[in-house]
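Visitor: Residues are numbered in the working numbering as their position in the sequence shown, beginning at 1, plus a constant of 9. Every residue, glycine too, gets a C-beta built ideally from N, C-alpha and C. Source: prediction; values computed, not measured.
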Amino acid sequence: MKPGRNDPCPCGSGKKYKQCCGRDGAPHAAPVNLPQLLQSAIAAHQSGQLPQAEALYRQVLQIDANNFNALHLLGLIATDSGRLDAAVDLIGRAIAAKPNAAPAHHNLGIAMKALGRVQDAADSLQRAVKLQPDFIEAQMHLGGVLVELGRLEEAAASFRRAVAIAPDLAGAYNNLGIVCRTLGRVDEAVASFQRACALQPDYAEALNNLGNALDQQGRSQDAVDCYRRALILQPDYAEAHNNMGATLKGQGKLGEAVAAFHSALAVRPDHVSAHVNLGGAFNEMGRLDDASACFRRALEINPEHAAAHSSWLFLRNYVAGHDPAALFADHLEWARRHAEALTALAAPHGNDADPMRRLRIGYVSADLCSHSVANFIEPVLARHDRSRFEIFCYSNSPRVDEVTRRLQGHADQWRRIVGLSDAAAEATIRADRIDILVDLSGHTADNRLPLFARKPAPLQATWIGYPNTTGMSAMDYRISDAHLDPPGMTERYHTEALIRLPASACFQPAAESPEVNELPALTAGHVTFASFNNFTKVTDEAIACWAQVLQAVPDSRLMLLIGDAGNAAAREAVEQAFARHGIERERLQLIGKRPLVEYLALHHGVDIALDPFPYNGGTTSVHSLWMGVPIVTLAGRTPVSRVGVTILANVGLQELIAQSVEEYVAIARDLARDTERLRRIRAELRGRLQASPLIDAERLTRALEDSYRSMWQTWCTKGGNETRTQ
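(1) Taking DSSP as the reference, what is the three-state secondary structure of T478?
(2) Could you tell me whether the segment 231-247 touches the segment 197-215, where touching means 3 or more Cβ pairs closer than 8 Å?
(3) Give the straight-line distance between the Cα atoms of L46 and V69, rounded to the nearest whole angstrom.
(4) Here's the rule: buried if 16 or more other CB atoms are within 10 angstroms of the residue's CB, otherwise exposed. What is V562?
(5) Thinking C-beta only, is G159 closer than 8 Å to L134?
(6) Taking the alpha carbon of Y475 as the point to measure from, which residue in A454, D485, A462, S482 has its own alpha carbon closest?
(7) Are there three or more Cβ pairs, one per stretch, closer than 8 Å when the segment 314-329 is compared with the segment 483-495?
(8) Could you give the DSSP three-state label for I508: helix, strand or coil?
(9) Just confirm the distance between the C-beta atoms of T191 and L161, as a whole number of angstroms; I'd bet it's less than 8 Å.
(10) Who does E399 pair with in a DSSP beta bridge?
(11) Could you tell me which of I100, L605, V654 sits nearest to A519, measuring between CA atoms?
(12) Roughly how many angstroms separate the alpha carbons of E584 and H503, rounded to a whole number?
(13) So if DSSP puts I445 in a beta bridge, which residue, or which two residues, is it bridged to?
(14) Quick one, are the C-beta atoms of P505 and T478 less than 8 Å apart?
(15) Just the Cα atoms here: how many angstroms apart are P467 and D448?
(16) Rounded C-beta distance between S630 and I600? I'm assuming under 8 Å.
(17) In terms of DSSP beta bridges, what is L643 paired with?
(18) For the segment 524-610, which segments carrying the beta strand (DSSP E) assignment without a break, of at least 3 residues, lie completely within its bounds, in sequence order?
(19) In this structure, does DSSP put I473 in helix, strand or coil?
(20) Distance, Cα to Cα, S650 vs F622?
(21) What residue range does the alpha helix (DSSP H) around L80 cover?
(22) Mapping DSSP to helix, strand and coil, what is H37?
(23) Tell me the rounded alpha-carbon separation between K727 and R442.
(24) Applying the 10 Å Cβ sphere with the 16-neighbour rule, what's the burial state of I241?
(25) Return the Cβ separation of V389 and A706 in integer angstroms, given the expectation that the two are a contact with Cβ distance under 8 Å.
(26) Looking at the unbroken beta strand (DSSP E) that takes in Y486, where does it start and where does it end?
(27) Under a Cβ-count criterion, where at least 16 other Cβ atoms within 10 Å of its own Cβ denotes burial, should W721 be classed as buried or exposed?
(28) For L140 and N109, which I take to be in contact (beta-carbon distance under 8 Å), what is that distance rounded to the nearest angstrom?
(29) Would you mind listing the alpha helix (DSSP H) stretches within the segment 252-296 that are 4+ residues and don't spill past its ends, in chain order?
(30) Determine the closest residue to V233 out of P210, I473, L257, with distance taken between C-alpha atoms.
(31) Quick one: what's got a C-beta closer than 8 Å to V127's C-beta in the same chain, skipping five residues either side?
(32) Hey, how far is the Cα of A9 from the Cα of S522?
(33) Are there 16 or more other CB atoms within 10 angstroms of the CB of E527, so buried, or fewer, so exposed?
(34) Where does A375 fall in DSSP's three states?
(35) Where does A225 fall in DSSP's three states?
(36) Skipping 5 residues on each side, what residues in its chain have a beta carbon closer than 6 Å to that of A198?
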């Protein structure tokens with residue numbers, strides 16, 4: 010019997026017959042079984058017949074426009090096919106139909122993350138776990154999104170909930186370990202990775218991560234063992250090869266490190282980090298051309314890789330005879346490529362423009378640990394006037410050691426930004442309302458210069474880590490001294506205004522330093538020269554000069570610290586470099602890296618230190634003076650080639666500063682011949698150093714604070730809209 014026009018349509022649509030199958034006199038369609046249609050769609054979906062499944066889901070929606078299952082599952086198909094906007098719309102409509110469906114909130118979060126809407130993704134995933142606390146997949150995805158947002162403590166909490174829900178899930182322990190390591194909780198990270206490996210012995214990724222954490226603990230050989238186990242399981246694991254190379258490089262096994270990096274690149278020729286690390290190993294071996302080629306290759310693969318570009322730029326400072334103008338142009342090019350667009354988009358600052366209020370100073374560094382930079386920043390941190398300045402430290406190092414813990418005690422606030430995106434780190438610094446942000450890295454390893462490009466503080470300065478310009482318009486000042494940067498000499502090669510202190514920095518000698526001994530030449534019967542600098546600084550030009558010194562002082566010896574002293578090939582390369590200048594290998598003593606006290610004690614066998622050029626020694630030179638060993642230096646035209654000048658001038662030994670290679674050789678020769686003068690200098694040097702601006706931390710800290718106040722008052726005078734004039 011034909012239904013009436015106002016009767017329900019027998020097809021099951023819920024509409025009146027005249028509005029459905031009876032429209033325009035159309036023949037009545039056969040009744041549709043909606044549950045059966047939906048089941049057919051799901052079956053097609055599960056069997057991978059996605060076009061058929063999508064067509065069936067859409068038929069369901071023609072009948073029931075708010076059908077939760079059809080909307081939700083159609084949204085999953087859209088997500089998988091990359092139609093993310095459609096996925097968000099469909100899953101959002103499904104949630105409107107069924108607001109308490111945790112799986113829908115979870116899947117909406119996944120689609121949001123794929124769209125780059127990371128905060129929205131976090132909100133959706135948090136709703137999913139609130140609705141269903143034991144939803145393990147949502148907990149895991151939420152942890153990952155929180156990491157991306159830089160909310161590491163919350164991420165760790167999410168992964169801890171995941172391991173509580175699924176204590177046998179190795180992946181949850183692995184993820185928890187990654188976050189704990191980033192947060193500096195290395196012991197917890199190691200325990201988490203070990204649990205992941207125990208649950209899943211063939212988990213190569215967890216073994217690799219365990220190696221990273223063990224290396225961070227200082228257990229480098231255990232780390233190498235983990236990488237090797239990971240590579241047995243997965244021989245083509247490029248990250249494990251690369252990480253093993255980095256650890257071997259840290260052990261001074263440069264030849265083995267190079268082999269590991271080559272293995273990583275054999276698997277992944279476009280592995281930028283492996284190219285950069287290989288360049289770093291070549292750099293330490295003194296193979297500057299090979300290092301430069303590696304950094305350039307990394308930039309060919311990824312022209313936007315700021316760290317690779319910084320590594321190449323840093324290397325440029327080591328090249329003898331470089332033109333200051335050309336080097337400056339290279340720094341400007343780095344900034345043009347990686348910084349200036351970010352600076353142009355920087356948000357304004359609302360800091361209180363009161364010229365006399367207590368200022369918030371932030372120090373950013375990857376070296377707030379056992380590193381030479383710590384020797385220079387610790388005495389200042391310890392002496393800051395807390396009534397005038399509040400001190401924040403932003404550590405970009407995964408390492409937490411005894412030095413780190415000591416430095417933490419000198420800061421009012423300590424923040425870890427390692428692993429944080431530049432955007433997240435900027436948000437942290439802006440929330441802290443920092444007035445003057447100070448970079449302690451420059452273009453050295455693990456710098457955060459792209460963060461500074463975002464201008465998170467109204468005033469920014471660079472200091473200590475890198476004696477040259479950053480090239481960035483966002484960096485307002487570079488802190489130096491009149492010997493490192495003589496007035497009128499280097500200003501034109503800086504984007505920053507130069508602030509000159511009594512000394513560019515002050516040094517904190519090691520508490521466990523050995524005592525100064527008698528002049529070793531008096532008992533050895535010959536003079537011993539030495540250079541304990543990173544061998545990268547020992548250029549061909551320096552070797553040629555030192556060979557002349559040895560020839561001018563018969564029977565003298567030269568002690569050198571090389572990065573891979575246990576490698577016969579590395580030793581042979583150094584010996585051959587000197588042999589080309591007529592120096593027999595018997596006159597060379599090649600030694601490897603030592604722990605600090607042992608390294609300082611090496612000076613007991615040294616009479617005169619030879620400063621490399623054009624990149625002079627810094628910490629190494631001060632160590633030599635502290636141990637009673639005078640240094641001979643060659644003054645250059647750039648800050649990196651004038652570090653020796655500022656060190657010697659500040660201890661009253663200007664007569665050891667040469668203006669030419671010929672004068673360098675003559676100074677070293679004459680000093681070696683005058684053992685009485687050498688003996689007298691050795692006996693006086695530690696006292697001279699203690700009385701100099703290089704050790705007078707109180708004086709330098711007050712001068713630094715006065716400079717901070719002057720910078721700030723200038724900013725306030727200009728209404729907070731301008732920073733400085735060149």
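Guide: On the basis of the coordinates in this document:
(1) Taking the sequence shown and counting its residues from 1, one reaches residue 478 at position 469. Here T478 sits in coil by DSSP.
(2) Yes: at least three Cβ pairs fall under 8 Å.
(3) The sequence position of residue 46 within the sequence shown is 37, counting from 1. The sequence position of residue 69 within the sequence shown is 60, counting from 1. C-alpha separation (whole angstroms): 7 Å.
(4) On the sequence shown, residue 562 is found 553 positions in, with the first residue counted as 1. Flag for V562 reads buried.
(5) In the sequence shown, counting from the first residue as 1, residue 134 sits at position 125. In the sequence shown, counting from the first residue as 1, residue 159 sits at position 150. Taking 8 Å as the cut-off, the Cβ atoms of L134 and G159 do not count as close.
(6) For the purposes of this step, residue 475 is taken as residue 466 along the sequence shown, with counting starting at 1. When each option's Cα is compared against that of Y475, the closest is A454.
(7) no
(8) For this step, residue 508 is matched to residue 499 along the sequence shown. If DSSP states are grouped into helix, strand and coil, I508 belongs with the strands.
(9) The sequence position of residue 191 within the sequence shown is 182, counting from 1. The sequence position of residue 161 within the sequence shown is 152, counting from 1. T191 to L161, Cβ: 6 Å. Contact.
(10) As a first step, residue 399 is located in the sequence shown; it is residue number 390 there, counting from the start. E399 is bridged to R369.
(11) Sequence index remark: in the sequence shown, residue 519 carries index 510 (1-based). Residue L605 is the option with its Cα nearest to A519.
(12) Here residue 584 refers to the residue found at position 575 when the sequence shown is read from its first residue. Here residue 503 refers to the residue found at position 494 when the sequence shown is read from its first residue. E584 and H503: Cα-Cα distance of roughly 39 Å.
(13) Locating residue 445 in the sequence shown gives position 436, counting from the first residue. DSSP lists I370, L468 as partners of I445.
(14) Position 496 of the sequence shown, counting from 1, holds the residue named residue 505. Position 469 of the sequence shown, counting from 1, holds the residue named residue 478. Looking at the sequence itself, residue 505 is Glu, so the reference to Pro does not match. It is a contact, given that the beta carbons lie within the stated cut-off.
(15) For the purposes of this step, residue 467 is taken as the residue at position 458 of the sequence shown. For the purposes of this step, residue 448 is taken as the residue at position 439 of the sequence shown. Each residue's alpha carbon lies about 14 Å from the other.
(16) Taking the first residue of the sequence shown as 1, we reach residue 630 at position 621. Taking the first residue of the sequence shown as 1, we reach residue 600 at position 591. With 8 Å as the limit, S630 and I600 do not qualify as a contact, their Cβ atoms being about 18 Å apart.
(17) The count along the sequence shown starts at 1 and reaches residue 643 at position 634. In the DSSP output, where bridge partners are listed per residue, L643 has A667.
(18) Counting only runs of 3 or more, we get 537-540, 566-570, 597-600.
(19) The residue you call residue 473 lines up with position 464 of the sequence shown. If DSSP states are grouped into helix, strand and coil, I473 belongs with coil.
(20) The residue labelled residue 650 in the question sits at position 641 within the sequence shown. The residue labelled residue 622 in the question sits at position 613 within the sequence shown. Spanning the two alpha carbons is a distance of roughly 6 Å.
(21) For the purposes of this step, residue 80 is identified with residue 71 of the sequence shown, where counting begins at 1. Element bounds for L80: 77-89.
(22) Here residue 37 refers to the residue found at position 28 when the sequence shown is read from its first residue. Only weak support exists for where H37 lies, its pLDDT of 49 falling under 50; the coordinates are left without a value.
(23) On the sequence shown, position 718 is the one that residue 727 refers to. On the sequence shown, position 433 is the one that residue 442 refers to. Looking at the two C-alpha atoms, the distance is approximately 19 Å.
(24) As a working note, residue 241 is residue 232 in the sequence shown. I241 comes out exposed.
(25) In the sequence shown, counting from the first residue as 1, residue 389 sits at position 380. In the sequence shown, counting from the first residue as 1, residue 706 sits at position 697. Their Cβ separation, rounded to whole angstroms, is 6 Å, which keeps V389 and A706 in contact under 8 Å.
(26) Residue 486 sits at position 477 when you count from the first residue of the sequence shown. First-last of the beta strand (DSSP E) with Y486: 486-490.
(27) Your numbering for residue 721 matches position 712 in the sequence shown. Buried.
(28) Mapped onto the sequence shown, residue 140 falls at position 131. Mapped onto the sequence shown, residue 109 falls at position 100. Contact holds; Cβ gap of about 6 Å.
(29) Within the segment 252-296, the alpha helix (DSSP H) runs of at least 4 residues that lie entirely inside it are, in chain order, 263-276, 281-293.
(30) If you number the sequence shown from 1, residue 233 lands on position 224. In terms of CA proximity to V233, L257 leads the group P210, I473, L257.
(31) Translated into the one-based positions of the sequence shown, residue 127 becomes position 118. The answer, listed in chain order, is M121, V154, E157, L158.
(32) This structure leaves residue 9 out entirely; the chain is present only between 10 and 735.
(33) Within the sequence shown, residue 527 is the residue found at index 518, counting from 1. The residue in question, E527, is exposed, as its Cβ has fewer than 16 Cβ neighbours within 10 Å.
(34) Reading the sequence shown from its first residue, position 366 is the one you call residue 375. DSSP places A375 in coil when its eight states are reduced to three.
(35) To locate residue 225, count along the sequence shown from 1; it is residue 216. Per the sequence shown, the amino acid found at residue 225 is Gln instead of Ala. In the three-state reduction of the DSSP assignment, Q225 falls in the helix class.
(36) In the sequence shown, residue 198 corresponds to position 189, counting from 1. Contacts found: G186, C189, R190, A222.
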